[in-house]
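The structure appears below as structure tokens.
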Amino acid sequence: GESVGLHLPTLSVQEGDNSIINCAYSNSASDYFIWYKQESGKGPQFIIDIRSNMDKRQGQRVTVLLNKTVKHLSLQIAATQPGDSAVYFCAEGFGNEKLTFGTGTRLTIIP
Amino acid sequence: ETGVTQTPRHLVMGMTNKKSLKCEQHLGHNAMYWYKQSAKKPLELMFVYNFKEQTENNSVPSRFSPECPNSSHLFLHLHTLQPEDSALYLCASSPLAGGGTGELFFGEGSRLTVL
Numbered sequence: 092g093e094s095v096g097l098h099l100p101t102l103s104v105q106e107g108d109n110s111i112i113n114c115a116y117s118n119s120a121s122d123y124f125i126w127y128k129q130e131s132g133k134g135p136q137f138i139i140d141i142r143s144n145m146d147k148r149q150g151q152r153v154t155v156l157l158n159k160t161v162k163h164l165s166l167q168i169a170a171t172q173p174g175d176s177a178v179y180f181c182a183e184g185f186g187n188e189k190l191t192f193g194t195g196t197r198l199t200i201i202p
Numbered sequence: 005e006t007g008v009t010q011t012p013r014h015l016v017m018g019m020t021n022k023k024s025l026k027c028e029q030h031l032g033h034n035a036m037y038w039y040k041q042s043a044k045k046p047l048e049l050m051f052v053y054n055f056k057e058q059t060e061n062n063s064v065p066s067r068f069s070p071e072c073p074n075s076s077h078l079f080l081h082l083h084t085l086q087p088e089d090s091a092l093y094l095c096a097s098s099p100l101a102g103g104g105t106g107e108l109f110f111g112e113g114s115r116l117t118v119l
């Protein structure tokens with residue numbers, strides 16, 4: 092079946108640096124993609140989404156890039172802060188179908 | 005505060021116990037979900053309710069029994085669980101199931117340990 096996966100399970104970044112979290116997906120029919128952040132002891136929190144007719148979308152300190160040619164999604168976090176330490180999940184959806192989540196990448200910000 | 009409240013936050017139960025997890029959302033959403041989160045696994049969708057009607061049961065064992073009395077409340081009744089059912093159970097809501105936006109609002113989860 093289709094799956095969403097992440098390239099790296101862990102990532103450590105120096106505070107103030109930019110971080111990039113990657114995600115590969117395999118369902119070429121997926122038409123929207125979402126990044127969630129899950130802090131320790133909390134539920135996942137929506138960060139940003141992007142539709143398949145776009146290749147870039149920016150939020151506050153975050154940018155999501157979508158490369159449909161290679162089925163790759165990335166989340167860029169600028170000027171990382173200690174509060175950015177969390178597990179980040181990508182998820183994909185198609186039409187009215189339920190989301191498929193990846194296993195997550197743990198981002199650690201080093202002070 | 006996400007607008008989705010889950011209780012209890014932690015639960016320890018024996019395999020012969022019966023317990024329930026509760027979820028309440030204050031967002032005016034019409035869809036509610038139960039997800040299971042185990043270590044090193046993707047979030048697993050268990051059940052979906054849309055306007056109080058169950059629209060998805062993702063092949064969940066019958067020892068998990070959901071109940072949705074109204075659009076704001078969702079329960080997960082637990083009976084004769086197995087140790088492998090130990091996990092974080094997350095409730096979520098959205099304006100409408102399958103609405104295509106994908107934005108789910110999650111509660112903080114109920115950490116279940118089955119002894």
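Protein sequences, first through last, are from chains E and B. If you want my numbering, it's the position in the first sequence, counting the first as 1, plus 91. If you want my numbering, it's the position in the second sequence, counting the first as 1, plus 4. Backbone N, C-alpha and C define an ideal beta-carbon position, used for all residues, glycine too. Source: prediction; values computed, not measured.
Query	Result
Residue environment, E:Phe144, which counts as buried when at least 16 other CB atoms sit within 10 Å	The residue asked about is misnamed: residue 144 of chain E is Asn in this sequence, not Phe. So E:Asn144 ends up on the exposed side.
Opposing strand residues paired with E:Asn113 [DSSP bridges]	E:Ser165
Continuous beta strand (DSSP E) stretch holding E:Phe185: start and end	Neither: E:Phe185 is in no beta strand (DSSP E) and is coded neither H nor E.
Touch test, the segment 109-127 of chain E against the segment 152-162 of chain E, Cβ-Cβ under 8 Å, three pairs minimum	yes
Closest residue to B:Thr20 among B:Pro73, B:Gln58, B:Pro87 and B:Ala91 (Cα-Cα distance)	B:Pro87
As assigned by DSSP and simplified to three states, the class of E:Asp175	helix
CA nearest to the CA of B:Leu80, picked from B:Gly32, B:Val8 and B:Tyr37	B:Tyr37
Own chain, CB closer than 6 Å to E:Ser94, minus 5 neighbours either side, in chain order	Confidence at E:Ser94 is low in this model, with a pLDDT of 44, below 50, so the placement of that residue should be treated as unreliable; the coordinate-derived value is given next. Once the five neighbours on either side are set aside, the close Cβ partners of E:Ser94 are Ser117.
Proximity test, Cβ basis, 8 Å: B:Pro65 and chain E	no
Run of the beta strand (DSSP E) containing B:Phe55, from where it starts to where it stops	Per DSSP, B:Phe55 belongs to no beta strand (DSSP E) and is neither H nor E.
Proximity to B:Leu92 [Cα-Cα], best of E:Ala115, E:Leu102, E:Pro100 and E:Gln129	E:Gln129
Rounded C-alpha distance that separates B:His83 from B:His33	28 Å
Run of the beta strand (DSSP E) containing B:Asp89, from where it starts to where it stops	Neither: B:Asp89 is in no beta strand (DSSP E) and is coded neither H nor E.
Reference B:Lys26; option with closest CA among B:Lys44, B:Val118, B:Asp89 and B:Ser69	B:Ser69
Contact set between B:Glu107 and chain E, taken where Cβ atoms lie within less than 8 Å	Ile125, Phe137 and Asp140
Separation of B:Ser63 from B:Val134, as counted between CA atoms	No answer is possible for residue 134 of chain B: the residues shown for chain B start at 5 and end at 119.
DSSP-derived helix/strand/coil call for B:Met17	strand
First and last residue of the uninterrupted beta strand (DSSP E) at B:Gln41	Ala35 to Gln41
Proximal residues, the segment 38-55 of chain B versus chain E, C-beta separation under 9 Å	Tyr39, Gln41, Lys44, Lys45, Pro46, Leu47, Glu48, Leu49 and Val52
Spatially closest choice to B:Lys2 from B:Asn61, B:Glu107, B:Pro73 and B:Lys56, by CA coordinates	Look at the range of chain B in this structure, 5 to 119, and you will see that residue 2 of chain B is not part of it.
Outcome for B:Asn54 when other beta-carbon atoms lying within 10 angstroms are tallied against a minimum of 16	buried
Cβ of E:Lys162 within 8 Å of any chain B Cβ	no
Of the listed residues B:Pro65, B:Val52, B:Leu85 and B:Ser90, nearest to B:Cys72 (C-alpha basis)	B:Val52
Top-ranked residue by Cα proximity to E:Cys181, from E:Lys147, E:Pro173, E:Phe124 and E:Lys162	E:Phe124
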